[in-house]
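Here's the structure we're looking at; comments come further down.
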Amino acid sequence: MPALRLEKKMFFVFHESGIFIAACRHWFILLACDMSNRAKYPLVLIDKLLTIYRKKGGCAYDIGCTFSKTLDNSSIGPRARDLDFWMMVGAFHGHTRNRKCQLSWHPMYIPGMGHTEGEGCEHIFSAFNDLACSTRHASSFHWHQSIKEHF
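Going by my numbering, the first residue of the sequence shown is number 31, and it counts up by one from there.
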């Protein structure tokens, strides 16, 4: 039994893997959540965005093309369709896809998205690089504290 407890304690560090954010095209963080809850965090943020911003919203996500299927099949899928919510793949990540994917998911080809690149979160997270050294082996409390102080 002690070996099992030790193994649980060793892998507890993986329970907190980072934060997931939603940012506007001006790089202001609108919402943030802890990524410890597996794949639910994008759905939670989109649900909140739909509640706040209502019709004709959009969201760029690195895997927006595949995540759109998850969104459609989720409990908030019908509401997202009713509110004309668009998923996109950011300009940087869009170029790693094939041409057909780019034409369907790149912000430049989606009406109403303006000149956004859809990579605001990448810009925000690049400022986090300095924070990584001090939080890599921190306790959960100190990890959260460092992130709050950073903002």
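Using N, Cα and C, we set each Cβ at its ideal position, and we do this for glycine too.
Outcome for GLU149 when other beta-carbon atoms lying within 10 angstroms are tallied against a minimum of 16: Taking the first residue of the sequence shown as position 1, residue 149 is located at position 119. GLU149 should be labelled buried.
task: Kindly identify the DSSP beta-bridge partner or partners of GLY88.
output: To locate residue 88, count along the sequence shown from 1; it is residue 58. Looking at the DSSP assignment, GLY88 forms a beta bridge with TRP116.
message: Rounded to the nearest angstrom, what separates LYS101 and ILE93 at their Cα positions?
response: In the sequence shown, the residue the question calls residue 101 occupies position 71. In the sequence shown, the residue the question calls residue 93 occupies position 63. Per the sequence presented here, residue 101 reads as Leu, with Lys not at that position. In a straight line, the C-alpha of LEU101 is about 12 Å away from that of ILE93.
Residues near MET65 in its chain [Cβ-Cβ closer than 7 Å; skip 5 each side]: Mapped onto the sequence shown, residue 65 falls at position 35. Sequence-distant partners of MET65 (beyond 5 residues in either direction) whose C-beta falls short of 7 Å from its own C-beta, in its chain, are SER47, GLY48, ILE49, PHE50, TYR71.
field: Same chain only: Cβ atoms within 6 Å of PHE44, ignoring 5 sequence neighbours per side
entry: By 1-based counting over the sequence shown, the position of residue 44 is 14. Low confidence applies here, because PHE44 scores a pLDDT of 46, under 50, leaving its location unreliable; read the following figure in that light. Within the same chain, PHE44 has no close Cβ partners at all.
task: Tell me CYS63's beta-bridge partners as DSSP assigns them.
output: Indexing the sequence shown from 1 puts residue 63 at position 33. Looking at the DSSP output, CYS63 sits in a beta bridge with PHE50.
- prompt: Ordered along the chain, which non-local residues of its own chain (more than five positions away) have a Cβ less than 6 Å from that of PHE122?
  reply: Locating residue 122 in the sequence shown gives position 92, counting from the first residue. Correct list, in chain order: GLU149.
message: Taking a contact to mean a Cβ-Cβ separation below 7 Å, would you say CYS95 touches VAL119 in this structure?
response: Locating residue 95 in the sequence shown gives position 65, where the first residue counts as 1. Locating residue 119 in the sequence shown gives position 89, where the first residue counts as 1. Going by C-beta atoms, CYS95 is nearer than 7 Å to VAL119.
- request: Quick one: residues in its chain with C-beta nearer than 6 Å to the C-beta of HIS153, no 5 flanking neighbours on either side, listed in chain order?
  value: In the sequence shown, residue 153 corresponds to position 123, counting from 1. TRP57, listed in sequence order.
query: Are the Cβ atoms of ALA62 and CYS151 separated by less than 7 Å?
result: Taking the first residue of the sequence shown as 1, we reach residue 62 at position 32. Taking the first residue of the sequence shown as 1, we reach residue 151 at position 121. Contact check for ALA62 against CYS151 fails: the beta carbons are separated by 7 Å or more.
query: Can you give the beta carbon distance from ILE59 to ASP77, rounded, assuming they're within the 8 Å contact cut?
result: In the sequence shown, counting from the first residue as 1, residue 59 sits at position 29. In the sequence shown, counting from the first residue as 1, residue 77 sits at position 47. Beta-carbon to beta-carbon, ILE59 and ASP77 are separated by about 17 Å, too far to satisfy the 8 Å threshold.
message: Under DSSP, the alpha helix (DSSP H) around SER134 begins and ends at which residues?
response: Reading the sequence shown from its first residue, position 104 is the one you call residue 134. 129 to 135 is the extent of the alpha helix (DSSP H) around SER134.
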